[in-house]
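Q: Chains as they are written, first to last, in this note's numbering: chain S, 1 to 295; chain X, 1001 to 1383.
Glycine included, C-beta positions come from ideal geometry on N, C-alpha and C.
Handing you this structure, nothing more for now.
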């Protein structure tokens, strides 16, 4: 194995890890604020990617405006999901399993709608820095991938600040931990839950616009992203945004190193074995204690 | 049934095209009468095989119009009953049962994927009726069926086409990047035949169907320093991945990776990639030009291999109906067992592989800055 190959695998692992982590981050935000395991998280990213693509390619919007539009679209879809699917289910006494099934159905519906209106083609999306590559000891990483890594970390820091330093962030946490208690001190619990999905949708939107230039947009990408993001969030403790990124990075690096040191054919076997071992050894995830303490 | 509208102008243009093709052996527009002759078709219009089935359906519907405008089958119009199997063999079987036993179609066309084709073949073989499959030869049991004919090449032939081009370029050390579905099937055939062409594989990397990133696998292939790289997948992802880790060597791919939707997904990385295929819409061979013009007029897009296969399948069916009449299923199946020059390829359904496509039917295209160009290279010596 050459040094270049090793560095290339590390770069791929970190980039993929941030992709998984960003999706897991959105899952954690929604779970943290509403105790809903949202199987539509990847579809928020799909919608955001499509909106960004259409804004750039059909309307000629600048890339940053298109990305912003995608993020807003993700947030709006998140809010609509809470309003139309989650809230009515909760009113009728829905359990965590019900929410999972409802959002899973929603994920298939979004995928089918994307197929109907957007077609079966894979669409390449322009990234920050175009297709420019950075040279790292003869290994290559796209400039856009560097932006993805930097912005992923920025989102984690911003979320930590939001939950610990802002009134709305604290109110969301209060509404999630004890809805009745929060109501008695004047917190609008339904609004906090809507804001949770709005925030989760926005994070999904950020993930979508940052991930799309690396993987192309395809109508089936939503559920695939959700599965990887869910794995990252579980490894890092579901509900802990920082944990999702750590879990994503671990998963991405294990996959990449498994390809280099073992075989690409065993990549998934090794990464899933790793997941099983983590779950047996640390059932609450690697940041379980910090998660319970409030991230 | 799913049908689309085709304008009268297109029909008139197409009629002229069909006459020019000579593929129908059709007389001038004839007076039609009597009940339509039903032809059953089961295609993958939704699900994973939709990219194939929808292309095939478009061409079959165009062919149906053209045949009827040219006089139908011995004065009777044809009516193609197209059903969607959702890319699932159990649905393909039930849809075929309805067509065979309720609609009493004299022959079947389809399906678009091997598993669905096999499910239908179990029925058509029992009924001793012809089935024109839009797939290559599948499991060994298909060789025991006497009336199952394929209009797409078997994987060993696809592999030989790739190896012929590789040998002609004098590449001996090859890297391979393939998916675990279609790519694995083609690679298995490549591995069996590579030695005969003096080709060895310096690195072989696999990734799962639907993978969103293959950069580490591509980096391993690059590290092996091959002279050329085979990328075989039903996705644009590995082509992008290969170029993003600076694989600068020529890429040679397979027919299943050539559809336009994959090429669009490659974006600006769709460059210096060679495909052995059958129809280059941008630069068709002389016998394909009338079909390409007709298709473009009807749908405002260029056809490719699967459209040509759908067109040929229906023309083969019509040809047999003209010879054997519309009622005797065994006679129709027998009438197909002879050489036929189609738009996509020259077939001989009496051949052991139930296809009879020869390497000389392949054309070789190259993507140059996202545009297909037809290469002068052809295989002529062996079959």
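Comparing the C-beta of residue 1219 of chain X with each C-beta of chain S, is any distance below 7 Å?
A: At least one chain S Cβ lies under 7 Å of residue 1219 of chain X.
Q: The beta strand (DSSP E) that contains residue 1367 of chain X, what's its start and end?
A: Residue 1367 of chain X -> beta strand (DSSP E) spans 1363-1368.
Q: For residue 1174 of chain X, which of helix, strand or coil comes out of DSSP?
A: If DSSP states are grouped into helix, strand and coil, residue 1174 of chain X belongs with the strands.
Q: Chain X partners of residue 5 of chain S, CB-CB under 9 Å?
A: Chain X residues near residue 5 of chain S: 1216, 1219, 1220, 1222 and 1223.
Q: Name the residue from X:1063, X:1043, X:1038 and X:1372 whose alpha carbon lies nearest to the alpha carbon of residue 1308 of chain X.
A: Considering only alpha carbons, the answer is X:1063.
Q: For residue 1387 of chain X, count neighbouring C-beta atoms within 10 Å of its own C-beta (all shown protein chains included) and say buried if the count is 16 or more, exposed if not.
A: Since the first residue shown for chain X is 1001 and the last is 1383, residue 1387 of chain X is missing from the structure and cannot be characterised.
Q: Output the boundary residues of the beta strand (DSSP E) element that contains residue 1276 of chain X.
A: Per DSSP, residue 1276 of chain X belongs to the beta strand (DSSP E) from 1273-1277.
Q: For the segment 190-212 of chain S, list every residue whose C-beta sits within 7 Å of some C-beta in chain X, in sequence order.
A: The residues in question: there are none.
Q: At what residues does the beta strand (DSSP E) containing residue 1231 of chain X begin and finish?
A: It spans 1228-1232 - the beta strand (DSSP E) in which residue 1231 of chain X sits, taken as one unbroken run.
Q: Answer yes or no: does any C-beta atom of chain S fall closer than 7 Å to that of residue 1245 of chain X?
A: It does; some Cβ of chain S falls within 7 Å.
Q: What number of angstroms, rounded off, separates the C-alpha of residue 23 of chain S from the C-alpha of residue 204 of chain S?
A: For residue 23 of chain S and residue 204 of chain S, the distance between alpha carbons rounds to 6 Å.
Q: For residue 1334 of chain X, does the three-state DSSP call read helix, strand or coil?
A: It is helical.
Q: If distances are taken between C-alpha atoms only, which option among X:1284, X:1173, X:1114 and X:1340 comes closest to residue 1251 of chain X?
A: Nearest of X:1284, X:1173, X:1114 and X:1340 to residue 1251 of chain X, Cα basis: X:1173.
Q: Is the number of C-beta pairs between the segment 153-162 of chain S and the segment 242-253 of chain S that are closer than 8 Å three or more?
A: Because the criterion of three Cβ pairs below 8 Å is met, the segment 153-162 of chain S and the segment 242-253 of chain S touch.
Q: Which residue from X:1355, X:1053, X:1166 and X:1183 puts its Cα closest to that of residue 1088 of chain X?
A: Checking every option, the nearest Cα to that of residue 1088 of chain X belongs to X:1053.
Q: Which of the three DSSP states, helix, strand or coil, is assigned to residue 1120 of chain X?
A: Residue 1120 of chain X: helix per DSSP, three-state reduction.
Q: Along the chain, where does the alpha helix (DSSP H) that runs through residue 1315 of chain X open and close?
A: Its alpha helix (DSSP H) spans residues 1305-1324.
Q: Does residue 1221 of chain X pass the burial test, meaning 16 or more other C-beta atoms within 10 Å, or should it be called exposed?
A: Per the 10 Å Cβ criterion, buried.
Q: Which residues of chain X have a Cβ atom closer than 8 Å to the Cβ of residue 221 of chain S, listed in chain order?
A: Near residue 221 of chain S (Cβ distances below 8 Å), the residues of chain X are 1212.
Q: Within 10 Å of its beta-carbon, does residue 1225 of chain X have 16 or more other beta-carbons around it, so buried, or fewer, so exposed?
A: Exposed.
Q: Quick one, which of X:1358, X:1218, X:1352 and X:1158 has its alpha-carbon nearest residue 1189 of chain X's?
A: Minimum Cα distance to residue 1189 of chain X is reached at X:1158.
Q: If you run the structure through DSSP and keep just helix, strand and coil, what is residue 13 of chain S?
A: Reduced to three states, the DSSP call for residue 13 of chain S is helix.
Q: Give, in chain order, every residue of the segment 251-267 of chain S whose Cβ lies closer than 7 Å to some Cβ of chain X.
A: Correct list: 256, 259, 260, 264 and 265.
Q: How is residue 1079 of chain X classed by DSSP in three states: helix, strand or coil?
A: Correct three-state label for residue 1079 of chain X: strand.
Q: Are any of the Cβ atoms in chain S nearer than 7 Å to that of residue 1286 of chain X?
A: By this cut-off, residue 1286 of chain X is not an interface position.
Q: According to the Cβ coordinates, are residue 296 of chain S and residue 33 of chain S closer than 7 Å?
A: Residue 296 of chain S is absent from the model: chain S starts at 1 and stops at 295.
Q: Give the residues of chain S in contact with residue 1088 of chain X, contact being defined as C-beta atoms less than 9 Å apart.
A: By Cβ distance, chain S contributes nothing, its closest Cβ being about 16 Å from residue 1088 of chain X, past 9 Å.
Q: What are the residues that DSSP puts in a beta bridge with residue 217 of chain S?
A: Answer is S:123, bridged to residue 217 of chain S.
Q: Using DSSP bridges, identify the partner residues of residue 1251 of chain X.
A: DSSP output for residue 1251 of chain X lists X:1229 and X:1273 as bridge partner(s).
Q: Report the residue from S:94, S:124 and S:134 whose alpha carbon sits nearest the alpha carbon of residue 1263 of chain X.
A: Ranking S:94, S:124 and S:134 by Cα distance to residue 1263 of chain X puts S:124 first.
Q: Cutting at 7 Å between CB atoms, please list the residues of its own chain near residue 67 of chain S, excluding the five before and the five after it.
A: These residues qualify, in order along the chain: 52 and 209.
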